[in-house]
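Student: Protein chains in written order, with this note's numbering: chain A, 5 to 334; chain B, 5 to 334; chain C, 5 to 334; chain D, 5 to 334. Built from N, CA and C at the ideal position, the CB exists for glycine as well.
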């Protein structure tokens, strides 16, 4: 399915894998400041239900017409957000009066277009009502939950049958099912895992030994289910060590998400159909740079928000570089 | 420590990760045909104990003087070989009369320089005696075991206290401890793992469900110990699916070895010292191309053996490109 | 902590282990019909807040004065109930008007004294409010949750910070934390476990084999934590096979709960203090027989409700036979 | 299959479970001193190949004619021995000159009839050759390995394709496959398990908590395969705590072996056929008492060797008490 994670060195980074068996056709997409989004539901404070982005946004999107359907993005202020599959648990609401009625596909531009910080996002969330209105017949509502983060922390947003949940996310990670609270609870079962070698607590009378390096994390799950990916990426991220230069940070970030890479063949979703990590992203939220790799291209590609005119009228779109870019050394 | 694996599409591929807390300074090194190696032990059929390579070799080596100390390599005939740490189990022999007395660091050039096929390698192995003579005081004997492979199959070679063992390696994978037979045996405990979703065998009376994709491999170990890496890379490789073009094959190969990538921070070998995947290699053994990535460079770099003069006198050496090569899309 | 389970052959059985580091002094206790319980909270329909048991009850209790503080019990109609530790999750309520305000220690006699069936219990539960009033200063409120069952099924009752939850319990098992819904969810991760041997799904190309019987349940947790006990006893119970005679049923029941026996030494709760299975019970709810073993007595002891005068005035109490009753065959 | 274990308090105890899908008809059998066993192979020092037991033996046996085919036994000197299934690995030898040629079914009487101590047993083992001669056509050779123990320690004896192996057994436990050295090695993977609660090593930044007692052994396997039973019984035994009185010791011993009890239904060996723990034994080797329970009888039954005439001529046999002996308390 997908995994999102945050990482802090000198700058604040956030990114995700998108795992699926086919791509909708995605592009790195910049939404400039002042870009108008027409909301599907009437909004008491907005003329003609149009809100205009205060902040420019860069992220991965399927662009439908002139509408960027973002999977994950950051804005120029350093706030980031990603939507991840939440099949069977996401339940959106009917329109409610007195609330900001935001349909699921509007959620990312609504938050990133309006909020400079996680704090501001929380305020906006306090009056939100997430609705089920689909983008179009061909693009039905996606069952999602979200991670929203800046350098001060991260939260998880889940709209379920019992209402909207907003959780602190101290790990700075999100995968898919089960709901976030259960994922967090599950970490208790792994509290003994460590990057250091284990000591013999089994018996003083037996001369057990560590026959390999790396035995301190025996018990860490290695499969591709969403619960196992959550535990694994949490362990990897919480222990990640890197220099704080841009290249070292970005490199380490891709190693962290590499721990939950879905290899073609290991997750068969139908006969001969395999879910793979279609792309992996890493945003420098502090500097507005969107890095990505694709399944067939290990080289990291970068798109810099601030190299574009952020006060333009139109979306700025970069099709993904998807073929393996091999450097020929001779 | 390390993981080696083979992969067959249209061509035959072989490669490995090298995991350690520091690098000795490694280079992609081509040994031309006819290059002379002075054996440390007298050899009945060789004048002045010098053997000359019949076949050119390309691989990763620490070059000491003009001597390529290969970690892993292929030759121009499509035979490949890699040495992996085997600490606590590798026991080399004293010189024995009537045998080919080959010291540990000579083993890779001896096999790849002399043999065109795995079959020929087996013949040569039938009269080998692996000795403990170190390269120099500063470069003591490494405790290793080896995988040797071509498109017909793979074998594992282990010199232990009870003598030399040569095993068929039907997985085409090798990590470190415990000895190979035990690694293979361990796979029996994971025979139920599958890329397909599990079915409910727990109870007909309970409506259990697969709440996530990828649950068929629940139980696959996710830590960095050598036994867990063996199981994980075996599962990933045995199920790997890719196109058979060069780029697709190479890309998939790096995804397979990505499943055992050692992230900095997750394997602490001393206070603040971390074992990481220093480099990952993928050789197209059929075409003589050595691909590699380094921990700090996700882009794949290639060195082509056949673009060089393989009948030259000297080693041809390519220092590694180690910094992150980011493609700037704007 | 504790494990409860139900079992159906010709008759309906229910029982539990009680795991702790010391005993409060427990006795098999029969409460006769018409025994008066003074409720701690006023009740609109009861004179002087006294309710009289319609049905006689047999179970394990700490008797304080003339008050049976039941841990687990059945009534003469075949309804059973057990309270199990639920530390950190049990939250009882303040008294509420319009409800049956029942304090925690009154809950078992309230249900078993009033209800002939699970269906009736559900009706009574629909107007219950579980309160925190302690029995006495020396016997503070226990944080518990409950399983209630008869031959038609089982439910779990949990009073938490977000209110009272009543769940169907299709497994007919209960341990401790986390809350029941999470325990049930966890079973999804074990759906592939089977009493039958696994088949090789790892790879067609590897000749893996089942080197031992019983490999179909590899992955079943073996530790004493409450989540692991839940999974283990669920697996054992769902697959349990026995004859349906009284002796065969009872014997099998003790084998089922034996799978979660806590051995002295394996769960250290303070220096040199160990939680053990103080007693294990098995009630034939259909016939009113209470069977038990204690940690130090493997022989099964039985107390038959219907061998007593169930219309008497006083509690009938049997101190436990706790020493090992060894049959000397010569 | 089976599990054997030793236990030391004031006295030395040894016992086992015998797990199978049917019984051959077993009896607690005492072989008196001076009982003659005709060896199947000629022996250089024995007249007519008959050896006479120096020491009386008590154990569980299938008696064929007047021949006790022991599964497990102790002798009056405190030496014990048990044979456990070793399918696929046990390889017996052809008769060899100059050796004590002992066939598999003679092994237990040969050792226990001749040796007072483990030390003496080791001496006798130094010239043994285990052969494959079957007892009769109807009772073919069993593939077994053995544990031999007294209060000074324990050893494991395995006759395999590469010869006879005698290992120190510091755990004092044996199950079935794989060979003992691999079982011991496997314990390294569990060295972090503890009866104490785990501490949070996953991350300082996450407030993980122990939501249940007994979480220190998370990762202990709970299934019935022989490798999992070995790890589980080793953990249970190494941490076992009990008083040292006879009753406390025996009670604890049965709790230790209870951890590997095979419940009917959990190990299906053919359609509707289940391997169960047919009997569990506990010998006080110091005092010559054989305790046992059967699957259908939880009460412990005892047979005392020293209550019999150990200088008699004939085997003394006690059929097992197999029905549930329930103590009726009212």
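Based on DSSP bridge pairs, tell me the residues matched to residue 277 (chain C).
Tutor: By one-based count along the third chain, residue 277 (chain C) stands at place 273. Bridge partners of residue 277 (chain C): C:274.
Student: Could you tell me whether the Cβ atoms of residue 160 (chain D) and residue 189 (chain D) are closer together than 8 Å?
Tutor: If you number the fourth chain from 1, residue 160 (chain D) lands on position 156. If you number the fourth chain from 1, residue 189 (chain D) lands on position 185. No. Outside cutoff.
Student: When DSSP builds the beta bridges, which residues end up paired with residue 76 (chain B)?
Tutor: Taking the second chain and counting its residues from 1, the one referred to as residue 76 (chain B) is at position 72. Paired residue(s): B:64, B:86.
Student: Okay, do the stretch 135-147 of chain B and the stretch 172-179 of chain B touch, 3+ Cβ pairs below 8 Å being the bar?
Tutor: Taking 8 Å as the limit for Cβ pairs, the verdict is that the stretch 172-179 of chain B does not touch the stretch 135-147 of chain B.
Student: Per DSSP, which residues does residue 152 (chain A) bridge with? Please list them.
Tutor: To locate residue 152 (chain A), count along the first chain from 1; it is residue 148. Note: residue 152 (chain A) is bridge-paired with A:85, A:159 in the DSSP secondary-structure output.
Student: Would you mind telling me which residues of chain A sit closer than 8 Å to residue 18 (chain D), beta carbon to beta carbon, in chain order?
Tutor: Within the fourth chain, the letter at position 14 stands for residue 18 (chain D). Within chain A, no residue comes near residue 18 (chain D); the closest Cβ sits about 17 Å away, beyond 8 Å.
Student: For residue 202 (chain D), does the count of other Cβ atoms within 10 angstroms reach 16, so buried, or fall short, so exposed?
Tutor: Within the fourth chain, numbered from 1, the residue matching residue 202 (chain D) stands at position 198. Residue 202 (chain D) comes out buried.
Student: Output yes if chain D places a C-beta closer than 8 Å to the C-beta of residue 41 (chain C); else output no.
Tutor: Taking the first residue of the third chain as position 1, residue 41 (chain C) is located at position 37. Taking Cβ atoms only, chain D never reaches closer than 8 Å to residue 41 (chain C), which makes this a no.
Student: What three-state label does DSSP hand residue 242 (chain B) in the structure shown?
Tutor: Residue 242 (chain B) sits at position 238 when you count from the first residue of the second chain. Helix.
Student: Name, please, each residue of chain A whose Cβ falls closer than 7 Å to the Cβ of residue 194 (chain D).
Tutor: Translated into the one-based positions of the fourth chain, residue 194 (chain D) becomes position 190. Here the neighbours are 206.
Student: State buried or exposed for residue 323 (chain A), treating a residue as buried only when at least 16 other CB atoms are found within 10 Å of its CB.
Tutor: Locating residue 323 (chain A) in the first chain gives position 319, where the first residue counts as 1. Its Cβ having fewer than 16 others within 10 Å, residue 323 (chain A) is exposed.
Student: Quick one: which residues of the stretch 151-174 of chain B get their C-beta closer than 9 Å to a C-beta of chain C? List them in chain order.
Tutor: Flagged, chain order: 174.
Student: Would you say residue 223 (chain C) reaches chain B, if we count a Cβ-Cβ gap shorter than 8 Å as a contact?
Tutor: Position 219 of the third chain, counted from the start, is the residue given in the question as residue 223 (chain C). The Cβ of residue 223 (chain C) sits closer than 8 Å to at least one Cβ of chain B.
Student: Look up residue 259 (chain D) in the DSSP assignment and say whether it is helix, strand or coil.
Tutor: Taking the first residue of the fourth chain as position 1, residue 259 (chain D) is located at position 255. In the structure shown, residue 259 (chain D) falls within a helical segment according to DSSP collapsed to helix, strand and coil.
Student: Since residue 323 (chain A) is in the beta strand (DSSP E), which residue starts that stretch and which ends it?
Tutor: For this step, residue 323 (chain A) is matched to residue 319 along the first chain. That run of the beta strand (DSSP E) goes 320-323.
Student: Tell me, to the nearest whole angstrom, how far the beta carbon of residue 206 (chain C) is from that of residue 194 (chain B); I am working on the premise that it is less than 8 Å.
Tutor: In the third chain, the residue the question calls residue 206 (chain C) occupies position 202. In the second chain, the residue the question calls residue 194 (chain B) occupies position 190. About 6 Å; that satisfies the 8 Å criterion.
Student: So, under 8 Å CB-CB, residue 265 (chain D) and residue 259 (chain C) are touching, yes? Tell me the CB distance rounded to an integer number of Å.
Tutor: In the fourth chain, the residue the question calls residue 265 (chain D) occupies position 261. In the third chain, the residue the question calls residue 259 (chain C) occupies position 255. So it is a contact: roughly 6 Å between Cβ atoms.
Student: Please give me, in chain order, every unbroken run of the alpha helix (DSSP H) with length at least 4 that falls completely inside the stretch 166-249 of chain B.
Tutor: Every unbroken stretch of the alpha helix (DSSP H) spanning 4 or more residues and falling wholly within the stretch 166-249 of chain B is given here in chain order: 184-191, 230-243.
Student: Among C:103, C:177, C:224, which residue has its Cα nearest to the Cα of residue 168 (chain C)?
Tutor: For the purposes of this step, residue 168 (chain C) is taken as residue 164 along the third chain, with counting starting at 1. Nearest of C:103, C:177, C:224 to residue 168 (chain C), Cα basis: C:103.
Student: Evaluate residue 310 (chain B) with the Cβ neighbour count: other Cβ atoms within 10 Å of its Cβ, from every protein chain shown; 16 or more gives buried, anything less gives exposed.
Tutor: Position 306 of the second chain holds residue 310 (chain B). So residue 310 (chain B) counts as exposed.
Student: With 8 Å set as the bound, which would you pick, yes or no: does the beta-carbon of residue 185 (chain C) sit closer than that to a beta-carbon of chain B?
Tutor: Residue numbering aside, residue 185 (chain C) sits at position 181 when the third chain is read from its first letter. No, residue 185 (chain C) does not count as interfacial toward chain B.
Student: With a threshold of 8 Å between beta-carbons, can residue 131 (chain C) be considered close to chain D, or not?
Tutor: By one-based count along the third chain, residue 131 (chain C) stands at place 127. With 8 Å as the cut-off, residue 131 (chain C) does not count as an interface residue toward chain D.
Student: Give me the Cα-Cα distance between residue 25 (chain C) and residue 90 (chain D), rounded to the nearest whole angstrom.
Tutor: Indexing the third chain from 1 puts residue 25 (chain C) at position 21. Indexing the fourth chain from 1 puts residue 90 (chain D) at position 86. Approximately 39 Å, taken between the alpha carbons.
Student: Assuming residue 345 (chain A) contacts residue 270 (chain B) (C-beta within less than 8 Å), just tell me the rounded distance between them.
Tutor: This structure does not reach residue 345 (chain A), given that chain A is present from 5 up to 334, and the question cannot be answered.
Student: In three-state terms, what does DSSP make of residue 43 (chain D)?
Tutor: What you label residue 43 (chain D) is simply residue 39 of the fourth chain in a count that begins at 1. In this structure, residue 43 (chain D) counts as coil in the three-state DSSP scheme.
Student: With 8 Å as the threshold, decide whether the Cβ of residue 189 (chain B) is near any Cβ in chain D.
Tutor: Working through the second chain from its first residue, we reach residue 189 (chain B) at position 185. Yes, residue 189 (chain B) counts as interfacial toward chain D.
Student: Would residue 23 (chain D) and residue 282 (chain D) qualify as a contact pair, given that the criterion is a beta-carbon distance under 8 Å?
Tutor: For this step, residue 23 (chain D) is matched to residue 19 along the fourth chain. For this step, residue 282 (chain D) is matched to residue 278 along the fourth chain. Going by C-beta atoms, residue 23 (chain D) is nearer than 8 Å to residue 282 (chain D).
Student: Distance check for residue 215 (chain B) and residue 213 (chain D), CA to CA, integer angstroms please.
Tutor: Here the question's residue 213 (chain D) lines up with position 209 in the fourth chain. Here the question's residue 215 (chain B) lines up with position 211 in the second chain. Computed Cα separation, rounded: 25 Å.
Student: Could you give the distance in angstroms between the alpha-carbon of residue 122 (chain B) and the alpha-carbon of residue 7 (chain B)?
Tutor: Counting from 1 along the second chain, the entry for residue 122 (chain B) is found at position 118. Counting from 1 along the second chain, the entry for residue 7 (chain B) is found at position 3. About 20 Å.
Student: Using Cβ-Cβ distances below 8 Å, what residues of the stretch 304-326 of chain D are close to chain C?
Tutor: 304, 305, 306, 307, 308, 311, 312, 322, 325
Student: Is there a Cβ of chain D sitting closer than 8 Å to that of residue 104 (chain C), yes or no?
Tutor: Within the third chain, the letter at position 100 stands for residue 104 (chain C). No, residue 104 (chain C) does not count as interfacial toward chain D.
Student: Quick check on residue 147 (chain D) - is its C-beta less than 8 Å from some C-beta in chain B?
Tutor: Mapped onto the fourth chain, residue 147 (chain D) falls at position 143. For residue 147 (chain D), the answer is no, since every Cβ of chain B falls outside 8 Å of its Cβ.
Student: With C-beta atoms as the reference, is residue 289 (chain C) less than 8 Å away from residue 61 (chain C)?
Tutor: Within the third chain, the letter at position 285 stands for residue 289 (chain C). Within the third chain, the letter at position 57 stands for residue 61 (chain C). No, the Cβ-Cβ distance between residue 289 (chain C) and residue 61 (chain C) is not below 8 Å.
Student: Measuring CB to CB, does residue 239 (chain B) end up less than 8 Å from residue 197 (chain B)?
Tutor: Here residue 239 (chain B) is taken as the residue at index 235 of the second chain, counted from 1. Here residue 197 (chain B) is taken as the residue at index 193 of the second chain, counted from 1. The answer is yes: Cβ separation under 8 Å.
Student: Checking contacts by CB at 8 Å: is residue 242 (chain B) closer than that to chain C?
Tutor: On the second chain, position 238 is the one that residue 242 (chain B) refers to. Closer than 8 Å to some Cβ of chain C, the Cβ of residue 242 (chain B) qualifies, so yes.
Student: For residue 31 (chain A), which of helix, strand or coil comes out of DSSP?
Tutor: One-based indexing of the first chain puts residue 31 (chain A) at position 27. The answer is strand: DSSP assigns residue 31 (chain A) an E or B state.
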